[in-house]
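Peer 1: If you read the sequences in order, they're chains A and B. Each residue of the first sequence is one higher than the one before, counting from 35 in this note's numbering. Each residue of the second sequence is one higher than the one before, counting from 71 in this note's numbering. For each residue, glycine too, the CB sits at the ideal point set by N, CA and C. Next up is a structure, given as structure tokens.
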Amino acid sequence: MSPARRRVTATLVYSALAVALVLTLFPFWWMIDTSLKQPVDIFSGVAFWPQHLTFHNYYRLFHEYNFGAYLTNSIVVVTASVLVSLVLGTLAAYALARFRMRLGIDRVALYGVLLVRMLPGILLVVPLYIVLAKWGLLNTRLGLILIYAGLNTSFVIWMMQSFLEEIPKDIEEAAMVDGDSRLSALWRVVIPLAAPGLIATAIFAVIATYNDFIIALTLTSTPSAETVPVGVSTLIGKIQIEWGPMAAAGVVGAVPIILFALIVQRHFVRGLTLGAVK
Amino acid sequence: MTAVADPVQSSRAWRLRLAATPYVLLLPALLALAAVSLYPIFYGVRASFHKYRYGLDMGSAGKQNYTDIYHDPVFWQAMKTTAKFVVIAVPVETLLGLLLALLVARELRFASWIRVALILPMTIAPVVVGVIWRLIYASDIGIVNPLFSHLGLGTPDVLAHYHGAFFGLVVLDTWEWTPLLFLIILAGLHSIPQDPLEAAQVDGATRLQTFFHHTLPLLMPVLLVAVTLRTIDAVGTFDQIFVLTGGGPGTSTQLISIYSYNTAFQFTQYGQAMAMLVTLLAFLLLLMIAAVQFIRRNSRAAA
């Protein structure tokens with residue numbers, strides 16, 4: 035390609051990307067912008083920068099709209115359920131990565147796990163609601179923890195299975211010859227090697243759980259158990275919407291996840307395609 | 071018995087324990103998983119054959135729930151809206167994702183930053199995506215109305231009109247999920263060997279020819295996985311609609327997820343809601359099995 039043509043191509047490519055970036059990022063900015071405006075300014079026409087910068091919307095979020103409680107619930111539920119699912123899922127993933135079982139149980143389990151991962155939440159919530167109501171677990175963090183722990187397990191198994199398969203068998207067999215039991219070899223030798231994969235899996239599970247809406251929406255009903263996304267949705271009143279706090283709520287809902295996402299961006303493809311693409 | 075264990079016996083016990091190990095490791099996870107997926111589905115299928123009044127199980131209803139939804143025009147409307155939504159949104163996202171990936175799959179300055187910025191929409195909670203677009207479409211404080219009237223196109227009041235709201239939802243979904251297709255296709259492009267491509271170009275093939283004859287066929291397996299996974303997900307779209315329109319105006323954005331949710335939790339007709347969802351699952355299952363097949367084929371090809 036001649037230098038002149040190359041310059042034209044580069045200009046076109048960068049302009050197209052600039053358009054894509056503006057379309058992608060502007061909606062975020064509009065929400066942040068709105069969240070930092072005073073009510074009067076929100077209604078006074080388009081302004082791409084707050085006319086009178088204020089954090090009052092955030093203040094109100096925590097003092098009038100229970101966001102302290104929502105955040106606490108989210109942190110408790112996400113932490114507990116992800117930890118449980120990491121332990122259960124990693125053990126299972128190790129079994130699937132290292133052993134061939136009778137009747138092809140390992141393959142059936144692996145692809146069954148994948149099917150579960152694809153089920154839309156709406157299919158599960160009606161029966162889960164009825165069952166949790168029977169056990170008196172509706173509107174409790176424990177109920178949410180149990181359900182998310184179970185659902186996340188499918189994701190952890192699938193991800194960790196592919197990470198563990200990449201770790202050579204010889205390493206742990208050497209440890210076992212040296213007198214380690216299988217579990218201690220797993221703990222002392224394999225897990226440290228799989229740490230990057232484990233961390234990526236954990237962060238993915240955190241994102242998915244923190245972001246989940248429909249399960250938390252149906253299974254909780256008061257700020258004693260409601261999570262952040264449910265809290266965000268409560269700001270959409272039936273009669274009128276308080277735009278400032280709603281925008282602020284969106285920002286609070288998005289920020290932790292954006293930070294997490296930046297950490298694992300290298301593993302994104304693998305997590306999102308269920309390991310189909312690495 | 072002596073205090074010292076018989077070496078033959080203990081080695082057999084050891085081997086037995088070793089053989090049991092994988093099952094012991096697998097079982098707790100599978101039980102947890104079954105408790106929150108298989109059991110609810112089983113229970114849900116059963117509920118679809120039961121009659122509920124005020125949320126209470128009134129016993130078997132035979133096929134009544136299925137007959138009811140079969141004769142319910144709103145159910146079919148919701149199924150149609152769901153299909154229309156998926157059939158429009160997914161191809162648009164795939165095409166845009168492909169274009170973006172082709173743009174980014176070259177030597178670029180700030181490539182990794184560009185990539186991170188482009189995928190942000192799909193990382194945040196779908197509820198927040200709903201909030202963002204509500205703030206954009208809102209007729210009083212939004213940006214779409216001022217933009218259109220500035221261009222002399224009137225005020226569309228996106229969320230107030232039947233077709234406007236549906237189109238608004240498609241735009242939202244495209245914004246949120248084009249990044250997924252982009253990212254997967256980009257990874258696919260990076261895994262394609264470059265030598266044949268260069269050889270073809272040396273032989274005088276145009277860029278378009280190399281794309282259609284070389285790149286696209288090699289990209290197909292990845293594309294298939296991406297599109298099926300996205301389709302399955304799109305069918306279950308709920309959170310964004312709940313925040314954006316609640317299904318309205320009228321039934322314009324009432325996908326089957328929203329309608330069945332309302333049937334269950336506003337009208338406590340669990341039986342009918344589950345009959346709808348079981349019907350949906352029957353369709354979805356085909357897609358899900360296809361997705362598993364595509365993923366299996368890819369992981370075998372990669373091995």
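(1) Between which two residues does the beta strand (DSSP E) containing B/S130 stretch?
(2) With distances taken from CA atoms, which of A/P290, A/E276, A/P37 is nearest B/Y211?
(3) Looking at the secondary structure, which residues open and close the alpha helix (DSSP H) in which B/Y109 lies?
(4) Please confirm if the stretch 171-190 of chain A is in contact with the stretch 135-155 of chain B, defined as three or more CB-CB distances below 8 angstroms between the two stretches.
(5) List the DSSP bridge partners of B/R441.
(6) Tell me which residues of the stretch 104-119 of chain A have at least one Cβ-Cβ distance to chain B shorter than 9 angstroms, keeping chain order.
(7) Where does B/T151 sit, in a helix, a strand or coil, going by DSSP?
(8) Is the Cβ-Cβ distance between A/P263 and A/F238 less than 7 angstroms?
(9) Is A/E260 helix, strand or coil by DSSP?
(10) Examine the Cβ distances between the stretch 215-228 of chain B and the stretch 87-104 of chain A and report whether three or more of them are shorter than 8 angstroms.
(11) Is it right to say A/S255 is buried, meaning 16 or more other beta carbons lie within 10 angstroms of its own, or is it exposed?
(12) Which residues in chain A sit within 8 angstroms of B/A187, going by Cβ to Cβ distance?
(13) Any Cβ of chain A within less than 7 angstroms of the Cβ of B/G306?
(14) Please classify A/P202: does DSSP put it in a helix, a strand, or coil?
(15) Counting only Cβ-Cβ distances shorter than 7 angstroms, please list the residues of the stretch 210-234 of chain A near chain B, keeping chain order.
(16) Mind listing the chain D neighbours of A/I248? Cutoff is C-beta to C-beta under 7 angstroms, in chain order.
(17) Evaluate A/S78 with the Cβ neighbour count: other Cβ atoms within 10 Å of its Cβ, from every protein chain shown; 16 or more gives buried, anything less gives exposed.
(18) In angstroms with no decimal places, state the Cα-to-Cα distance between A/G231 and A/F197.
(19) Restricting to Cα atoms, I'd like to know which of B/G125, B/P110, B/L172, B/A269 is closest to B/H260.
(20) Output the boundary residues of the alpha helix (DSSP H) element that contains A/K6.
(21) Could you pull the start and end residues of the alpha helix (DSSP H) that A/I275 belongs to?
(22) Using a Cβ-Cβ cutoff of less than 7 angstroms, which residues in the same chain neighbour A/F294 once the five nearest sequence positions on both sides are dropped?
(23) Answer yes if the stretch 228-238 of chain B comes into contact with the stretch 302-316 of chain B, meaning at least three C-beta pairs across the two stretches below 8 angstroms, and no otherwise.
(24) Could you check which residue in B/T244, B/Y340, B/S369, B/L96 has the C-alpha nearest to that of B/R123?
(25) Give a yes or no on whether the minimum CB-CB distance between A/A129 and chain B is below 7 angstroms.
(26) Does the stretch 193-210 of chain B come into contact with the stretch 51-66 of chain A, if we say contact requires no fewer than three beta-carbon pairs (one atom in each stretch) closer than 8 angstroms?
(27) Can you tell me which of B/F180, B/A360, B/L95 puts its alpha carbon nearest to the alpha carbon of A/R132?
(28) Where does the unbroken alpha helix (DSSP H) through A/T254 begin, and where does it stop?
(29) Where does B/L221 sit, in a helix, a strand or coil, going by DSSP?
(30) Express the C-alpha separation of B/T244 and B/V160 in angstroms, rounding to a whole number.
(31) Is the closest heavy atom of the ligand ATP to the C-beta of A/L120 under 6 angstroms?
(32) Please report whether the beta-carbon of B/S107 lies at a distance below 7 angstroms from any beta-carbon of chain A.
(33) Looking only at its chain, what residues have a beta carbon closer than 7 angstroms to the beta carbon of A/D214, apart from the 5 residues adjacent to it on each side?
(34) Leaving out five residues before and five after B/A345 in sequence, what residues of the same chain have Cβ atoms less than 7 angstroms from its Cβ?
(35) I'd like to know whether the C-beta of A/S258 is nearer than 7 angstroms to at least one C-beta of chain B.
(36) Is the separation between the beta-carbon of B/A304 and that of B/V156 shorter than 7 angstroms?
Peer 2: So, from the listed chains and residues:
(1) 126-130
(2) Position check: residue 211 of chain B holds Ile in this sequence, whereas Tyr was assumed. The candidate whose alpha carbon is nearest that of B/I211 is A/E276.
(3) 108-117
(4) no
(5) This structure leaves residue 441 of chain B out entirely; chain B is present only between 71 and 373.
(6) V118, S119
(7) helix
(8) no
(9) coil
(10) no
(11) exposed
(12) L55, T58, L59
(13) yes
(14) coil
(15) R216
(16) In the structure shown, chain D does not exist; the protein chains are A and B.
(17) exposed
(18) 6 angstroms
(19) B/L172
(20) Since the first and last residues shown for chain A are 35 and 312, residue 6 of chain A lies out of range.
(21) Per DSSP, A/I275 belongs to no alpha helix (DSSP H) and is neither H nor E.
(22) I237, V240, I241
(23) yes
(24) B/Y340
(25) yes
(26) yes
(27) B/L95
(28) Unbroken run through A/T254: none, as it is neither H nor E.
(29) coil
(30) 8 angstroms
(31) Among the ligands in the structure shown, none appear at all, so the ligand ATP cannot be discussed.
(32) yes
(33) R222
(34) S118, N135, Y136, I139
(35) no
(36) yes
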